[in-house]
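A quick write-up on the structure given underneath.
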Amino acid sequence: MKGIKEFYDKTCSEWASRFYKDESIFPCLEDFINRFPQKPRILDLCCGAGYDSMRLFNLGAEVVGLDFSQESINIARKQNPDIQFYIGDMLEDFTFVGSVDGIIVIAGFVHLPNEKLEQAFKNSSQVIKDSGLMLVMVRDGTGKNEKSSYAVVEGVEYDRDFYEHTIDELIEHSNKFFQFIEEVLPDKNDPWKRYLFMKL
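Going by my numbering, the sequence shown opens with residue 1, and the numbers climb by one from there.
So this is what it looks like as structure tokens:
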């Protein structure tokens, strides 16, 4: 059975086809950018094929993207020639992207069990400026979601390790580095939650 990286290398064109057109995240990104002075430098962590990087750029940010899927980054670079994209893993050092004012992680943390969240927050804290803002979008719940984890693509089985997280779990594993600020655009009927953190 293949894993997360192989899954996104295989399916990135489908995600791009869907999410370059899907504007449902736009109000949340607009809210985020409006919290900064003009032209903040923003890291799109786990950027995938670059669709949210595009939206941040169009909102006036200087954007840098990071993802460990080479095929996803290939699409991101082709679609967004004015944005710098890097290959990298959120669980490894990514200080090579340089200092940023803010970070977005749109669904990236769904691939991390609780015991790996602290490392991701720690690595993020090493590139974000003091009092910088971090937007984290997760699916509300706890533990591995088996239905969302396992997929078969062209006869090949994949486990993309899809984990749900509560805000309490995120706070527990981030509080050495970040302070929880608020839920952004709360909607009790939406299982996807958007949480704002500030670098300590």
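Ideal placement from N, C-alpha and C gives every residue a C-beta, glycine not left out.
Cβ pair residue i, residue j closer than 7 Å
{"i": "Glu164", "j": "Asn189", "result": "no"}
{"i": "Gly98", "j": "Asp67", "result": "no"}
{"i": "Ala76", "j": "Gly65", "result": "yes"}
{"i": "Lys176", "j": "Asp140", "result": "no"}
{"i": "Asp159", "j": "Ser149", "result": "yes"}
{"i": "Phe26", "j": "Arg55", "result": "yes"}
Nearest-angstrom Cβ-Cβ length linking residue i and residue j, presumed shorter than 8 Å
{"i": "Ile42", "j": "Ala61", "result": "5 Å"}
{"i": "Val184", "j": "Asp31", "result": "6 Å"}
{"i": "Asn80", "j": "Gly50", "result": "5 Å"}
{"i": "Leu45", "j": "Ile103", "result": "5 Å"}
{"i": "Phe7", "j": "Ala151", "result": "7 Å"}
As assigned by DSSP and simplified to three states, the class of residue i
{"i": "Lys147", "result": "helix"}
{"i": "Asp9", "result": "helix"}
{"i": "Leu43", "result": "strand"}
{"i": "Leu185", "result": "coil"}
{"i": "Phe109", "result": "helix"}
{"i": "Tyr20", "result": "coil"}
{"i": "Phe180", "result": "strand"}
{"i": "Phe26", "result": "helix"}
{"i": "Phe36", "result": "coil"}
Nearest candidate by alpha-carbon position, reference residue i, set the options
{"i": "Gln70", "options": "Lys10, Ala151, Gln179, Val153", "result": "Lys10"}
{"i": "Asp101", "options": "Val127, Gln179, His173", "result": "Val127"}
{"i": "Phe85", "options": "Asp52, Phe26, Lys116", "result": "Asp52"}
{"i": "Met198", "options": "Gly3, Arg35, Phe26, Ser24", "result": "Arg35"}
{"i": "Glu92", "options": "Asp82, Asn123, Gln79", "result": "Asn123"}
{"i": "Ile181", "options": "Ser148, Leu133, Phe162, Ala151", "result": "Leu133"}
{"i": "Pro186", "options": "Ile171, Ser174, Leu112, Ile167", "result": "Ile167"}
{"i": "Val63", "options": "Leu45, Val152, Ile83", "result": "Ile83"}
{"i": "Ser131", "options": "Gln179, Leu29, Lys5, Tyr195", "result": "Gln179"}
{"i": "Val105", "options": "Thr142, Leu170, Cys12", "result": "Leu170"}
{"i": "Pro191", "options": "Asp161, Val138, Leu200", "result": "Val138"}
{"i": "Gln119", "options": "Ser174, Lys5, Phe96", "result": "Ser174"}
{"i": "Gly3", "options": "Gly143, Leu200, Phe121, Glu157", "result": "Glu157"}
Residue(s) in a DSSP beta bridge with residue i
{"i": "Arg139", "result": "Trp192"}
{"i": "Gly102", "result": "Ile42, Leu133"}
{"i": "Leu66", "result": "Leu45, Tyr86"}
{"i": "Lys2", "result": "Tyr158"}
{"i": "Val97", "result": "Val97 is not bridged to any residue."}
{"i": "Tyr163", "result": "Lys144"}
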